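Here the structure is laid out as C-alpha cells; the discussion comes afterwards.
2 protein chains.
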Amino acid sequence: MSELTSARVSASTRTVERALGLLADVAEHDARTLSACARSTGLAPSTALRLLRTLETSGFVTRSAAGTYRPGNRLVRLGALALGRQPLVDRARPSLQRIVDHTGESAYLVIRGGLDTAIYLDMVEGTHSIRHTSWVGRAIELEDLAVAGALRGERTEAGYLAQRDRLEPDVTAIAAPIRWAGGVAGALNLLGPTYRIDDATMHDYGRVVAREAGVISSHLAAEAGAPAHLEEVR
Amino acid sequence: MSELTSARVSASTRTVERALGLLADVAEHDARTLSACARSTGLAPSTALRLLRTLETSGFVTRSAAGTYRPGNRLVRLGALALGRQPLVDRARPSLQRIVDHTGESAYLVIRGGLDTAIYLDMVEGTHSIRHTSWVGRAIELEDLAVAGALRGERTEAGYLAQRDRLEPDVTAIAAPIRWAGGVAGALNLLGPTYRIDDATMHDYGRVVAREAGVISSHLAAEAGAPAHLEEVR
DNA sequence: AATACGGTTCTATTGCGTGGAAGCTGAGTC
DNA sequence: GACTCAGCTTCCACGCAATAGAACCGTATT
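Laid out in C-alpha cells, this is it:
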C-alpha cells in the first residue's frame, strides 16, 4: 500500500512542477544560463528550453540578449501583489527603520515559510559601510537559530534572543517575536558583524528590537482581521 | 496548413501556461475559490483542481481551511527575491517618502511592464484619511495616461506630466520620468483626489515629483551597472 | 585546426494530462 | 424532512502532447 499511496499522493502534474522548479531556479540565481538551469533541475536541455520558453512567453522570465534568464515582469508583478497582501510588511517598515536609526545595523522582517523554514521578507539596510548585505527573499532552515526561537514565540525575560556566529561566522543575530492573537506573526531580526557588537551593545540593541516587535504586536492586536498568512490557524 | 502552423507556433506547453494562468488568477484575487478559478481561466473544474493542487504542493499557493486559495509562501519568497533584484525599489523609497511628507498623497514607483503596460511596483501610502488605496502589483494599460508619457520620457518644461480624472474619475495623477543612460528606468507617480488638488497645488506637487525623479536619476547615473529590468536595452 | 561546450531544432515514442461522468457534501428553500 | 442546487472531488479511458535523444550549428578555447 505504501507505494500505492506514494504513487497516488503525487496528484500533481510533472510538467508544471518542473516549470515551477525552473522558475524558482531563475529567481534564485540571477542571470541564469540554460545549461545551468537544466543541470540544477536535472532536466534534459531540450526540455528545459521548452519550459523556459513557456515561462518566457508568459512573462514570468525574461531572456536577455546574452541568452541568460532572469525574473520577468509578470513575476515581479505577482510578487509585488503577494507582498502587498502581507500586512506585516507595511506595519513593520517604520520599526525596521527605527532599529536601523538606532543601531546602524541591517534589520529584517522574517516570517515562517514552510514547516521548518523562515523567509526574509523585507529589510532596511544598515548604515555602516560594513554591514549585512541583503537577504531579502532568502529562505533558511530554522534549526536552532535565534530567529527560529523567535518564530516559535520564545523570549528571554529581556524580550529578545541573541546568538553569535551561528548561521555564519562573525555574524551576530538578535531576534524578537511579533505576536498576534496568541500566535506568532513573524519576527524582527537584526544582523551585524560580531566584532562591533559586544555584550553591552547587544543588550542595548536587543531591547530596541524587542520594543519594536512589541510595538508591531500591539498594532496588530488593535486591528480587526488576521494577517493573511496566519489565516489557516483559525 | 493553417492549423498545422498554429499548432506549431505554440512552442509552449499548454499545461504550464494554464498553471501559470491559475497562479496569476489566485495572486490577483485574494481568497479565490476553485470554481471561480476554473471559470475565469476557462478550465474544467477537475483540471483546475489538479493544477491548483500541483501549485499547492509546490508551495506557490496555499489553501485555507475554508477551501479558498491564496498566494503561497513560495510565491511570496520569489516575489521578495525578484523585487530585491529591482534596484529601483531601494533607490526610490526615500523619494516616495519625501513626496508623501510634502503632499500627504500616495506616491508610487512605476516601471514598464510588457509592451503597453505599466506596473505599480511600490508605494508609500498617503497620510490623508481620504487617499488613494494601494495599487501595488497592479498592471495598467498605458494608453494616454500621464504615467505613460512619463515612461516614454516625455516631460513638459516644468518637468512633470499631470492629468485629471483620466484613469479614474476624481483622481488626479502627476508623473515624472526617472531617467537612466538616455533611457527611462521608471516613473514616479502621485495619485490623489481631484477635489484636493487645484491648479496651484498641482504645480507645487508636480515640482516635488519632478525633483525627486531627478534625484533618483542622478543617483542612477552616479552608479555603475544597469537596472536589471533595463538590461535588455544594451 | 581541433576540440568542447552551449544552444537549438526535429521527431518517434508513450507517458500522462485531459475532461466528462458520477459520487459526495453542505447550504439553501419549500 | 425532502428536495434542489452548487461546489468539490474522484475516477478513468482516450488521445494529445510532453519527453529525451540525436543531429546540427555557432562560438569559445587550446
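Keeping their order, the protein sequence lines are chains V and Y.
Note that the working numbering numbers the first sequence so that position 212 is 208, with each residue one more than the last.
Note that the working numbering numbers the second sequence so that position 20 is 16, with each residue one more than the last.
Even for Gly, the Cβ is constructed at its ideal location relative to N, Cα and C.
In this text the structure is predicted, and so the values were computed from the model without any measurement.
- Query: Could you check where the beta strand (DSSP E) with residue 188/Y kicks off and where it finishes?
  - Reply: 179 to 189
- Query: Which word fits residue 123/V, buried or exposed, when buried means at least 16 other C-beta atoms lie within 10 angstroms of its C-beta?
  - Reply: exposed
- Query: Any idea what DSSP makes of residue 27/Y, helix, strand or coil?
  - Reply: coil
- Since residue 69/V meets chain Y, which of its residues come closer than 9 Å, beta carbon to beta carbon? 107, 108, 109, 110, 113, 115, 135 and 225
- Task: Can you say whether residue 29/Y is buried or exposed, counting buried as having 16 or more other CB atoms within 10 angstroms of its CB?
- Result: exposed
- Would residue 72/V count as contacting chain Y if we go by Cβ distances under 8 Å? yes
- Message: Can you check which of these residues, 14/V, 45/V, 87/V and 55/V, is closest to residue 51/Y by C-alpha distance?
- Response: 14/V
- Query: Would you say the stretch 115 to 122 of chain V touches the stretch 145 to 154 of chain V, given that touching needs at least three Cβ pairs under 8 Å?
  - Reply: no
- Where does residue 158/Y sit, in a helix, a strand or coil, going by DSSP? strand
- Item | Burial state of residue 42/Y, where buried means 16 or more other Cβ atoms lie within 10 Å | exposed
- Message: Assess contact between the stretch 31 to 45 of chain Y and the stretch 101 to 111 of chain V, defined as three or more Cβ pairs (one per stretch) separated by less than 8 Å. Is contact present?
- Response: no
- Message: Suppose contacts are defined by Cβ-Cβ distances below 8 Å. Is residue 48/V in contact with residue 18/V by that definition?
- Response: yes
- Query: In this structure, does DSSP put residue 99/V in helix, strand or coil?
  - Reply: helix
- Going along chain V, which residues have a C-beta under 7 Å from residue 91/Y? Here the premise fails: no neighbours, minimum Cβ distance about 15 Å.
- Does any residue of chain Y bring its CB to less than 8 Å from the CB of residue 12/V? yes
- Query: Relative to the C-alpha of residue 164/Y, which residue among 81/Y, 141/Y and 77/Y is closest?
  - Reply: 141/Y
- Run of the beta strand (DSSP E) containing residue 194/Y, from where it starts to where it stops: Unbroken run through residue 194/Y: none, as it is neither H nor E.
- Query: Considering only the beta carbon of each residue, do residue 166/Y and residue 191/Y sit closer than 8 Å?
  - Reply: yes
- Since residue 135/V sits in a beta bridge, which residues does DSSP pair it with? 115/V
- Message: Cβ closer than 8 Å: which chain Y residues qualify as neighbours of residue 132/V?
- Response: 76, 77, 79 and 80
- Item | Closer than 8 Å to chain V by CB, residue 97/Y | no
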